[in-house]
Every structure is written in structure tokens, then in C-alpha cells.
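J.: Each position in the sequence shown, counted from 1, maps to that position plus 613 in this note's numbering.
Backbone N, C-alpha and C fix where the C-beta goes; we use that ideal spot for every residue, glycine too.
Bear in mind the structure is a predicted one, so any value in this text is a computation, not a measurement.
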Amino acid sequence: MDDSLDILCSCSVLLFAAAIWATFGISSTLGKSPHRPEEEEGRTSGLPRGATAIALWGLSPVTRAAIALGISAKAVTAGSLAAGAAAGLLLAYGHFGVAALLFVAASLGDALDGLVARATRTESAAGALFDASADRYEEFFAFGGLAVYFRSSGVLLALMLLALVGSFMVSYGSAKAESLRVAVPAGAMRRAERAVCLGVGTTMVPIAAALSQRFHGPEWLGELPVIAAVALIAVVANVSAVRRLRVVATAVSPRVEPSRRRGTPHAAAVHADVGADAE
Numbered sequence: 614m615d616d617s618l619d620i621l622c623s624c625s626v627l628l629f630a631a632a633i634w635a636t637f638g639i640s641s642t643l644g645k646s647p648h649r650p651e652e653e654e655g656r657t658s659g660l661p662r663g664a665t666a667i668a669l670w671g672l673s674p675v676t677r678a679a680i681a682l683g684i685s686a687k688a689v690t691a692g693s694l695a696a697g698a699a700a701g702l703l704l705a706y707g708h709f710g711v712a713a714l715l716f717v718a719a720s721l722g723d724a725l726d727g728l729v730a731r732a733t734r735t736e737s738a739a740g741a742l743f744d745a746s747a748d749r750y751e752e753f754f755a756f757g758g759l760a761v762y763f764r765s766s767g768v769l770l771a772l773m774l775l776a777l778v779g780s781f782m783v784s785y786g787s788a789k790a791e792s793l794r795v796a797v798p799a800g801a802m803r804r805a806e807r808a809v810c811l812g813v814g815t816t817m818v819p820i821a822a823a824l825s826q827r828f829h830g831p832e833w834l835g836e837l838p839v840i841a842a843v844a845l846i847a848v849v850a851n852v853s854a855v856r857r858l859r860v861v862a863t864a865v866s867p868r869v870e871p872s873r874r875r876g877t878p879h880a881a882a883v884h885a886d887v888g889a890d891a892e
């Protein structure tokens, strides 16, 4: 974990984030009109508006470059999927710095493909399905790689799996709400928030490990950033998922009049219709 390449990659991620933040701040100060998240109609990431604005502003030149080079949204999605798979493999072997760089690239690609699709007016149901499927696989690769790395500890392995199921259930709650034509409930630990947590956690591991070794600290101290990030995802995502599912269940529950609450055919039929749609 203290490999120089991993430390270099982690520092590169931090410097890149700092450079984008500083450039965005300078542009705002000079009175330029940076991209605003509200310009993406109907799309929210779950992150603070400022963070979303910075990310979209930073991706604007990349979007223009991709379009100029003729790179399609599906190609961007495929590239993100490949980067996510490579990141998961590197996490399994403990190369957190290089994995963090690839994971950040994959996460940015998840936003870039949508920007390219909208800018080129090539949005489609098939593209949206490919994008959503790639997102799930990328999360599986990340948590799967961490699960392999921490496999010697039953507690940490269980933590990785708990974070994985929480992540999937948050997404499932949103998808189920849409399929039942119910407003998607608000909640924490959506895809972008999980990506930020994992990105920060994995990025800081090589740096924390180097500092721990320098000051003769315990080995687990170097792994603490990613463990803390995954623990946060595991707790918050599962709480959020349960809350979402309860809100959706309440929204689709039939409003039966008092005279019909004793198992009348009407109430039973409504419950049967809802149950038939359960997965």
C-alpha cells in the first residue's frame, strides 16, 4: 500500500480536485457564468449544489472534446465500465492509489456519458439501460475488490457486503418507485454520494499508510480511510434504502374505507395487484 506509484496516483487525484475547485472559484470571481446544476432539468445527484456545479463545470470541456472526436455516449459508458473493472481488480491486490485514479475516472465517466448523450441528442432507452447496468457493475467491482482484499477479516468482509447490498437497495428503491409511478423519495447515499465516499476513502489510503509507516503507527491505520468510508456507506445506505421502501410502500398502499377493511373482495384485489408486481 506504500508503493510510490500508489502515492503518486493519490496525490494526482487530490491535486486534480484542488485545481478544478480553484479554477472554478476564479471563474466565478471574474464574473464568468459557470455551469449550474439546475440547468440539467430534472436531474439531481444528491450532492450539494456547489459540488455538482464544480463537477459539471469541469466536465464541460471534456464533453466538448469527446463530441469533437466523435466519441459516443455508449463508448464513454463502456470506457467507464472497463476502468471500474480495473479499479476493482487493483483494490483486490491492495493498490489503492492506482485504483482510486481509475475509480474517479469511471465515476466521472458516469456523468460524462449523459452529458454527451444530451448534447448530441442521442439519448435512448437502450443507452439509459446500458448506463444504469454499468453503474451497478462498477459498484460491484469496487466493493467486490475490497471484499477480496479484506477477506481475512470476517467483520470487515461483512462490512463490505453490507455496503454493497445497501448501495443496490437504494438504487432498487428508486427504480421501484419509478415503475410504480410514485415520486422517488428523497434520501442519502445516492450513486454520486457513494462514489465520492469511495473515491475519498481509497485515495487517502496510500497517504495514510505512508504516514503511519513514517511515524511507526499500526498497519490498520493506513486502511482506516477506506474502512471508514465503507462503514459510512453501509450504515447510511441501508437506513436510506429501508426508508425509501417504506415511503414507496405507503404511497402504493390502498386507501380502504372502514367498511371495507375486513378483507372484502375489493381490498383483496387491490393487495393482489400490488403483490403481483413485487420482485
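Count the other C-beta atoms from every protein chain shown that fall within 10 angstroms of the C-beta of Ser-866, then say buried if there are 16 or more, exposed otherwise.
T.: Residue 866 sits at position 253 when you count from the first residue of the sequence shown. Result: exposed.
J.: Pick from Leu-703, Ala-724, Phe-716: whose alpha carbon is nearest that of Val-689?
T.: In the sequence shown, counting from the first residue as 1, residue 689 sits at position 76. Checking every option, the nearest Cα to that of Val-689 belongs to Ala-724.
J.: Taking 7 Å as the limit between beta carbons, can you name the residues of its chain near Val-818, skipping five residues before and five after?
T.: One-based indexing of the sequence shown puts residue 818 at position 205. For Val-818, where only same-chain residues beyond five positions count, the Cβ hits under 7 Å are Met-614, Phe-709, Gly-835, Glu-836, Pro-838, Val-839.
J.: What is the residue span of the alpha helix (DSSP H) that Pro-838 lies within?
T.: For the purposes of this step, residue 838 is taken as residue 225 along the sequence shown, with counting starting at 1. Its alpha helix (DSSP H) spans residues 833 to 865.
J.: Which term fits Val-729, buried or exposed, when burial requires 16 or more other beta carbons within 10 angstroms of its beta carbon?
T.: For the purposes of this step, residue 729 is identified with residue 116 of the sequence shown, where counting begins at 1. Val-729 should be labelled buried.
J.: Taking contact to mean 3 or more Cβ pairs, one atom from each stretch, closer than 8 Å, check whether the stretch 699 to 709 and the stretch 753 to 764 are in contact.
T.: Taking 8 Å as the limit for Cβ pairs, the verdict is that the stretch 753 to 764 does touch the stretch 699 to 709.
J.: Roughly how many angstroms separate the alpha carbons of Gly-896 and Gly-786, rounded to a whole number?
T.: There is no way to answer for residue 896, as the model of the chain reaches only from 614 to 892.
J.: Using a 10 Å radius around the Cβ and a threshold of 16 neighbouring Cβ atoms, would you call Tyr-762 buried or exposed?
T.: By 1-based counting over the sequence shown, the position of residue 762 is 149. Its Cβ being crowded by 16 or more others within 10 Å, Tyr-762 is buried.
J.: Between the C-alpha atoms of Ala-862 and Lys-687, what's the straight-line distance to the nearest angstrom?
T.: Within the sequence shown, the letter at position 249 stands for residue 862. Within the sequence shown, the letter at position 74 stands for residue 687. Roughly 34 Å between the two C-alpha positions.
J.: Met-773 lies in the alpha helix (DSSP H); which residues open and close that run?
T.: Translated into the one-based positions of the sequence shown, residue 773 becomes position 160. Looking at the DSSP string, the run of the alpha helix (DSSP H) that includes Met-773 is 767 to 792.
J.: Among Gly-779, Ser-853, Leu-845, Ile-820, which one has its Cα closest to the Cα of Asp-616?
T.: As a working note, residue 616 is residue 3 in the sequence shown. Cα-wise, what sits closest to Asp-616 is Ile-820.
J.: Please state whether DSSP places Ala-885 in a helix, a strand or coil.
T.: Counting from 1 along the sequence shown, the entry for residue 885 is found at position 272. Confidence in Ala-885 is poor, its pLDDT being 37 and thus under 50, which makes the residue's placement unreliable; the coordinate value appears in the next sentence. Residue state, collapsed to three classes: helix.
J.: Among Ser-685, Tyr-706, Leu-694, Leu-858, whose alpha-carbon lies nearest the alpha-carbon of Glu-791?
T.: Taking the first residue of the sequence shown as 1, we reach residue 791 at position 178. The residue with the shortest Cα to Cα distance from Glu-791 is Leu-858.
J.: For a quick check, are the C-beta atoms of Ala-842 and Gly-800 less than 8 Å apart?
T.: By 1-based counting over the sequence shown, the position of residue 842 is 229. By 1-based counting over the sequence shown, the position of residue 800 is 187. No, these two residues do not count as a Cβ contact at 8 Å.
J.: Going by Cα to Cα distance, which pick from Ala-664, Cys-810, Pro-831, Ser-746 is closest to Val-848?
T.: Residue mapping note: residue 848 aligns to position 235 of the sequence shown, counting from 1. Answer by Cα proximity: Cys-810.
J.: Under 8 Å, do Gly-812 and Phe-716 count as touching if we go by C-beta distance?
T.: In the sequence shown, counting from the first residue as 1, residue 812 sits at position 199. In the sequence shown, counting from the first residue as 1, residue 716 sits at position 103. Yes.
J.: Taking DSSP as the reference, what is the three-state secondary structure of Thr-733?
T.: For the purposes of this step, residue 733 is identified with residue 120 of the sequence shown, where counting begins at 1. In this structure, Thr-733 counts as coil in the three-state DSSP scheme.
J.: Is the beta carbon of Gly-779 closer than 8 Å to that of Asn-851?
T.: For the purposes of this step, residue 851 is taken as residue 238 along the sequence shown, with counting starting at 1. For the purposes of this step, residue 779 is taken as residue 166 along the sequence shown, with counting starting at 1. For Asn-851 and Gly-779, yes; Cβs fall inside 8 Å.
J.: Mapping DSSP to helix, strand and coil, what is Ala-616?
T.: Within the sequence shown, numbered from 1, the residue matching residue 616 stands at position 3. Note that residue 616 is Asp in the sequence shown here, rather than Ala. If DSSP states are grouped into helix, strand and coil, Asp-616 belongs with coil.
J.: By how many angstroms is the C-alpha of Ala-788 removed from the C-alpha of Arg-794?
T.: Position 181 of the sequence shown, counted from the start, is the residue given in the question as residue 794. Position 175 of the sequence shown, counted from the start, is the residue given in the question as residue 788. Between Arg-794 and Ala-788, the C-alpha separation is close to 10 Å.
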